[in-house]
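Each residue of the sequence shown is one higher than the last, beginning at 84 in our numbering. Using N, Cα and C, we set each Cβ at its ideal position, and we do this for glycine too.
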Amino acid sequence: MLLPMSTAIAQRISLENHLSLETLRSGAGGEHHFNGMCQAACIASLLCEAGYGTAREGLFGEAERVLLDCRRAGIETENWRFDGKSYRILAEVLTLHDKQLSITPVRELIRANERLKTS
84 MLLPMSTAIA QRISLENHLS LETLRSGAGG EHHFNGMCQA ACIASLLCEA
134 GYGTAREGLF GEAERVLLDC RRAGIETENW RFDGKSYRIL AEVLTLHDKQ
184 LSITPVRELI RANERLKTS
């Protein structure tokens with residue numbers, strides 16, 4: 084619980100996140116892919132707050148805005164898609180989250196997930 088997760092598990096999570104991002108960029112994504120991106124962004128933000136990784140100022144606010152825009156469009160049109168700007172912002176979040184997964188103790192990941200569930 085005091086060590087980071089295994090490299091294999093961290094790589095699997097990273098791959099799932101990046102595949103969701105690519106799928107949404109291509110326009111072939113669905114709500115499931117979108118929800119995965121929201122979870123990754125929220126966990127990354129919570130881990131930054133806990134001291135695991137640093138993000139540039141405003142990154143998570145930008146990520147929240149593009150996620151809300153995608154959600155709105157997805158609900159209205161059933162087209163779950165990220166444009167180029169949204170893609171770049173969320174790719175930055177995922178790059179940070181990949182680093183977090185390699186250094187964050189498992190207990191902190193569990194705490195972040197619990198916080199996400201209760202918020």
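Notebook entry, point to check: Taking the alpha-carbon positions, what's the residue 171 to residue 101 distance?
Noted result: 12 angstroms
Check: Nearest to residue 118 by CA position, among 137, 185, 164, 134, is which residue?
Finding: 164
Note to self: Taking the straight line between their C-alpha atoms, what separation do you get for residue 173 and residue 131?
What the structure shows: 15 angstroms
Next item on the list: Kindly list the residues whose CB is nearer than 7 angstroms to the CB of residue 188, restricted to its own chain and excluding five residues on each side of it in sequence; keep chain order.
Entry: 84, 85, 86, 87
Next item on the list: Would you mind giving the Cβ-Cβ distance between residue 183 and residue 136, rounded to the nearest angstrom? I have them listed as a contact below 8 angstroms.
Entry: 5 angstroms
Check: Going by beta carbon distance, what residues of the same chain come within less than 6 angstroms of residue 195, once the five residues before and after it are set aside?
Finding: 126, 129, 130
Margin query: Could you check whether residue 197 and residue 133 sit closer than 8 angstroms to each other, using their CB atoms as the reference points?
Written below: no
Next item on the list: Report the option in 97, 98, 107 whose CA atom is closest to the CA atom of residue 168.
Entry: 107
Check: How would you call residue 115, buried or exposed, if buried means at least 16 neighbouring beta carbons within 10 angstroms?
Finding: exposed
Check: Among 105, 150, 186, 139, which one has its Cα closest to the Cα of residue 124?
Finding: 150
Checklist line | For residue 112, three-class secondary structure by DSSP | finding: strand
Checklist line | Closest residue to residue 160 among 178, 112, 92 (Cα-Cα distance) | finding: 112
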